[in-house]
Amino acid sequence: MQNRPAIVAVGRTKFGEHYGKEPEKLIEEAWLAASKECSIERKDLQACYMSDCFLPITNKLGLEEGFLSELTELHVPMEVTRSFSAALNTACHAIQAGVYDTILVGGIEKMTDRWDKIRDDLMLLDDPWSYYAGGTPESNHELMMRAYIKKHGIKGQDLEKLEVALAQVAVKNHANGAKNKYAQFQRKITLDQVLNARKAAHKPLGLYDFAPVSDGATALVLTSETVANKMTNRPVFVLAIGAATDYLNYTSREDLSRFLAAELAMKKATQTAKVAASDLQLMELNDQSTMMEMVSLEDLGFCPPGTAWKNIYESSQNGQLSYELGGKQVHVNTDGGLKADGNPLGATGGAQIYEVYRQLRGEAAERQINLPNGLRHGGAVEFEGFGTKAYVTILGEKTQ
Amino acid sequence: MSSEPIERRVSYLGDRLKACKCQCCGKEYFEVRDYCSVCGRKSYGKMDSIDLFYDKGTLELCTYINEPTNKFTKLSAFVYGIVSFHGGKIRVPARLTDQLVCDGKNIGLASLEGREVIPRFRRRYSVGKSDVIPTISLAFTLADEYYPHQEYKVVQPTKDYELPGIVGYGAYSSRFRIKEQGYERAVPFMDEDSVTAAVEAGKLALIHSGLDSTWIGKVYAGSESNPYAVKPIAAKVAQVLKLGTEDGDVQGVDAVDTEFACKAASSMFKDACALVSYPKSGINYAMVIGADNSQAAPRGCPGGELDQFVGYGGAAFIFGKRDVIAEVEGWYSCTSDTPDFWRRDGEPYPMHGGRFTGDPAYHKHVKSAASKLMERCNFKASDINYFVPHQPNPSFPIRVAKELGFKEEQFMPSIQMPKFGNTYSGASLVGLAAVLDVAKPDERILVTSYGSGAGSDAYMLRTTSQLLDKRQRQKINVKFLAENPFVEYVDYTTYRRLKLGM
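Listed in order, the protein sequences are those of chains A and B.
Take 1 as the starting number for the first sequence in our numbering and just add one per residue.
Take 1001 as the starting number for the second sequence in our numbering and just add one per residue.
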């Protein structure tokens, strides 16, 4: 990547149910946290890129840029995207093009403000026919799990192991979330809790297999390399963002057992960043469901198709919170992932970047991972919809 | 509130499951496309329209939904999945319908996957009382259960008849029944209503007749439970069944709803006959449908006595002058202003005049119409092979048949009320369908409907040899519906819940 953009500060709110807070309070909190960290002030910002998925629906806010302008008394160019990764991608392009050198990237979502309708709203991320036929935000995850099981001919004891492996994803993510003061769920759960919730619902995936509905905001300050070097001696560089798009309609996709967009985005990102999947030992995956964390490991090339469940199962048997993939320890969702940290759509990607940034800088406190050769890169994967859009972001501390 | 333009487009595509196929590469798409996304520009104008309405698919994958989105909450729980057609060339999202899923532990998802399913035209989901009712055919039922797949094959008619008559017919009733007091009554599933029953009956009639749906020039839909005060059932039938020649997204067919309590449909037999006989009408075939989700107030409420008798279902008859299976030899109708049963505008349930509905209403009119017609045709009861009376309850039709001089073997084959309940506008029509299912060629059938308010239509029919030729085309006949091993019985509470609909 030319004119490598750098992150110089990150900030976020706690994710969860912020019944008492207006959306502007949340984004303000995230921005203030980020600005304190790098002593950047509002006047330094040359542009803002903000993401939210549902603010026009949940809070009747149709022109989010104006709301941000009013809040900050800023009159710089602003754009809104649906996901944090999309906002970051656009901001990176602007820095690389030399148009700006200091940009605020933020994400926000206020899903609990429409508690009774939010699952219907989530169907906007699916094709309308699925909604008309009775689909739910969860159903595609379960159908993909069925497709995966069928495609790889998993049965008997193996199927039981797969089911346990998926439950272990939730157990691990909650264990990580317990160490994250910003996480929506800061408590551990047991394997039995996950399995029993499925049994009670008579469903392939249960309550603990899915990320929650959340409120929250995240922000970061993105600068050019030159500005970054003036502000901090430890900037975290955006080495690459790979993006890809697939059909809105999951049912029409050729292979129902994986996400093509994730594979393509990863390919693009690793090529640009000149790193291999095996170089990435810290990954923030988009675990909207435990099934998605499993499938992503395969789509991103960490293990061959049809094998991720075995790796997860075996790794969890040793009680470790990381996966052993291809002879290396891969730490996935050290912040608790979407499952425990929370999933306020527009802000979710920001929390992933926040975690990778903290880990790379050694600031992750209790969650800090320690690798024998040090942690040089970290990646984050974000989806819009059910694999319709995928973004793979690779961050690194040192330029190459 | 739903947006009407969206409803128009979604139901236009979704009711019929319109799809298309690229002539260049053979790729198929659900929905209509102007070009193939693989072949691009060169495929412009080379996309063949296909639809999946008469097709069968395979339930490829499925899961269990017990926390549906808001518009589906009345269904509580259901199976949802992906159905593939043509070996996986087209895949669509699908809801399995006609299944009362109370407890997911009884559902073996793996045992459902791989089974053949049939698209069914149903209500899509719940909407407000004043909204347009959305429909769709992305509801499916298992082909090896209550409703098997039947091929729709167009057969060129060969023989002309002097008199107009029935060319094809179909009867439809739902999978659910309530069993009380020694007889059974059909209960619609929650996504069914008089509109879906009318479409089902019409579809089965087309399959039986072997007629190209574009040859139908007029469709009459008779019902007293149209969910709309203003909006015709017949228009939905015409569009879903593609009656008449298609011109863009408009069907070249005349469609009209008729209303006269339970004789709303039977009244139009003569109009259909006249229409196909009039040389300048340009109409060779006309379809008459009678279908009802028969309404009744809950027991204990005023009018709640009807709740013991009401059923669900209907039948469709296609009239024409070629390849006739039963010629119409004559008819007679009578009418009087008798307020024995009525439903005021805006009221959900009808009221009735108690004992008054018997003698001065039903018996007087049915007897008058039937005996007048016999007199006109110069027939005694013994000259007629089958008598089909309107059947609002188990006793009225038997009494009137006996009083007219018919013996049990003449009228019992038509008495279907103890199997399906009183299907209002569909009642005498389902009885006629049951008789046509078993009659031999060259037999006489006397049908006498009754509509409260009040009036009666009597028709004299004479079957032809083609009755037997066409019989094999219809697996789903009245007996099949009545004695189907996949019928599911429900209790009173469930019956009321299902009947109320989505």
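C-beta atoms are modelled at their ideal positions from N, C-alpha and C, and glycine is treated no differently.
From a predicted model like this one, the values you see are computed outputs, not experimental measurements.
Minimum Cβ-Cβ distance from residue i to chain A less than 9 Å
i	result
lysine 1074 of chain B	no
leucine 1061 of chain B	yes
lysine 1071 of chain B	yes
isoleucine 1133 of chain B	no
aspartate 1103 of chain B	yes
tyrosine 1054 of chain B	no
isoleucine 1065 of chain B	yes
tyrosine 1285 of chain B	no
proline 1188 of chain B	no
valine 1504 of chain B	In the structure as shown, chain B starts at 1001 and stops at 1502, and residue 1504 of chain B therefore has no counterpart that could be examined.
glutamate 1200 of chain B	no
tyrosine 1450 of chain B	no
methionine 1001 of chain B	Reliability of the predicted coordinates at methionine 1001 of chain B is poor, the pLDDT of 48 falling under 50, and no value is obtained from them.
arginine 1068 of chain B	Looking at the sequence itself, residue 1068 of chain B is proline, so the reference to arginine does not match. By this cut-off, proline 1068 of chain B is an interface position.
tyrosine 1035 of chain B	no
isoleucine 1107 of chain B	yes
Nearest residue (CA-CA) to residue i, options the options
i	options	result
proline 1188 of chain B	B:Gly1421, B:Glu1116 and B:Arg1462	B:Gly1421
valine 164 of chain A	A:Ala308, A:Asn233, A:Thr348 and A:Thr112	A:Ala308
valine 217 of chain A	A:Asn3, A:Pro5, A:Ile154 and A:Arg12	Here residue 217 of chain A is alanine; the residue named in the question, valine, does not match the sequence. Cα-wise, what sits closest to alanine 217 of chain A is A:Arg12.
histidine 202 of chain A	B:Val1240, B:Lys1321, B:Gly1108 and B:Val1010	B:Gly1108
lysine 60 of chain A	A:Ser252, A:Met111 and A:Lys14	A:Met111
proline 1157 of chain B	B:Ser1194, B:Lys1074, B:Arg1120 and B:Ser1209	B:Ser1209
aspartate 1307 of chain B	B:Met1268, B:Pro1350 and B:Gly1313	B:Pro1350
glutamate 1116 of chain B	B:Pro1005, B:Gly1128, B:Tyr1147 and B:Ser1266	B:Tyr1147
arginine 401 of chain A	A:Ala30, A:Asp341 and A:Lys389	Residue numbering for chain A in the displayed model covers 1 to 400; residue 401 of chain A lies beyond these limits and cannot be assessed.
glycine 177 of chain A	A:Ala390, A:Gly337 and A:Asn373	A:Gly337
6 Å Cβ shell around residue i - same chain, five flanking residues per side excluded
i	result
alanine 1433 of chain B	Tyr1169, Ala1171, Ala1315 and Val1478
tyrosine 49 of chain A	Glu79, Ala87, Thr90, Ala91 and Val105
glutamate 384 of chain A	Arg82 and Ser83
glycine 1451 of chain B	Phe1260, Ala1261, Cys1262 and Lys1263
glycine 306 of chain A	His152
lysine 1236 of chain B	Val1195
lysine 1071 of chain B	Tyr1125 and Ser1126
glutamate 149 of chain A	Looking at the sequence itself, residue 149 of chain A is isoleucine, so the reference to glutamate does not match. Contacts found: none.
C-beta neighbour in chain B for residue i, strict 9 Å
i	result
tryptophan 309 of chain A	no
lysine 203 of chain A	yes
serine 448 of chain A	Only positions 1 to 400 of chain A appear in the structure, and residue 448 of chain A is not among them; the question remains open.
aspartate 116 of chain A	yes
Cβ-heavy atom distance, residue i to the ligand NAP, below 8 Å
i	result
alanine 228 of chain A	This structure lacks the ligand NAP; in fact it carries no ligand of any kind.
Sequence-distant residues of the same chain with beta carbon closer than 7 Å to residue i, five excluded per side
i	result
alanine 170 of chain A	Ile189, Val194, Tyr208, Asp209, Thr290 and Lys339
cysteine 1036 of chain B	Cys1022, Cys1024, Cys1025, Lys1027, Ser1043 and Met1047
valine 213 of chain A	Met111, Thr112 and Ile118
tyrosine 1332 of chain B	Ala1369, Lys1372, Leu1373, Arg1376 and Ala1458
cysteine 1039 of chain B	Cys1022, Cys1024 and Cys1025
Spatial neighbours of residue i in its chain, beta-carbon cut-off 8 Å, leaving aside the 5 residues before and after
i	result
leucine 1468 of chain B	Lys1440 and Pro1441
proline 304 of chain A	Glu298
arginine 408 of chain A	In the structure as shown, chain A starts at 1 and stops at 400, and residue 408 of chain A therefore has no counterpart that could be examined.
glutamate 1246 of chain B	Thr1214 and Gly1252
Residues that residue i contacts on chain D, provided the C-beta gap is smaller than 7 Å
i	result
isoleucine 1082 of chain B	Absent here is chain D; the protein component of the structure consists of chains A and B.
### Message
Between the region 1383-1402 of chain B and the region 1427-1444 of chain B, can you find at least three pairs of beta-carbon atoms closer than 8 Å?
### Response
yes
### Query
Does the region 1015-1022 of chain B come close enough to the region 1046-1066 of chain B that 3 or more CB-CB pairs lie under 8 Å?
yes
### Message
Count Cβ pairs between the region 99-117 of chain A and the region 343-358 of chain A that sit closer than 8 Å; are there 3 or more?
### Response
yes
### Message
Check whether the region 1201-1221 of chain B and the region 1357-1368 of chain B touch, using three or more Cβ-Cβ pairs below 8 Å as the test.
### Response
no
### Query
If we count Cβ pairs, one from each stretch, closer than 8 Å, do we get three or more for the region 138-145 of chain A versus the region 1083-1090 of chain B?
no
### Message
Taking contact to mean 3 or more Cβ pairs, one atom from each stretch, closer than 8 Å, check whether the region 261-274 of chain A and the region 114-125 of chain A are in contact.
### Response
no
### Message
Which residues of the region 1084-1102 of chain B have a Cβ closer than 7 Å to any Cβ of chain A? Give them in chain order.
### Response
Arg1091, Val1092, Pro1093, Ala1094 and Arg1095
### Message
Along the region 1115-1141 of chain B, where does the CB come closer than 7 Å to a CB of chain A? Name the residues.
### Response
Arg1124, Ile1136 and Leu1138
### Task
Count the CB pairs spanning the region 1287-1296 of chain B and the region 1216-1235 of chain B that are closer than 8 Å, and state whether there are at least three.
yes
### Task
Can you give me, in chain order, the residues of the region 140-157 of chain A that have a beta carbon less than 7 Å from any beta carbon in chain B?
Glu142, Leu143, Arg146 and Ala147
#### Entry: Inter-stretch contact (C-beta, 8 Å, three-pair minimum) for the region 236-248 of chain A and the region 6-22 of chain A
yes
### Message
Is it the case that the region 373-392 of chain A contacts the region 259-270 of chain A, given that we only count it when at least three CB pairs across the two stretches are under 8 Å?
### Response
yes
### Query
Along the region 347-380 of chain A, what residues have a CB closer than 7 Å to any CB found in chain B?
none
### Query
In the region 157-171 of chain A, which residues sit with their C-beta less than 8 Å from some C-beta in chain B, listed in chain order?
none
### Query
Of the residues that make up the region 1308-1322 of chain B, which ones have a beta carbon closer than 7 Å to any beta carbon in chain A?
none
### Message
Residues of the region 270-301 of chain A in Cβ contact with chain B at a cutoff of 8 Å, in chain order, please.
### Response
none
### Query
Taking a cut of 9 Å between CB atoms, which residues from the region 236-270 of chain A lie near chain B?
Asn249, Tyr250, Thr251, Ser252, Arg253 and Leu256
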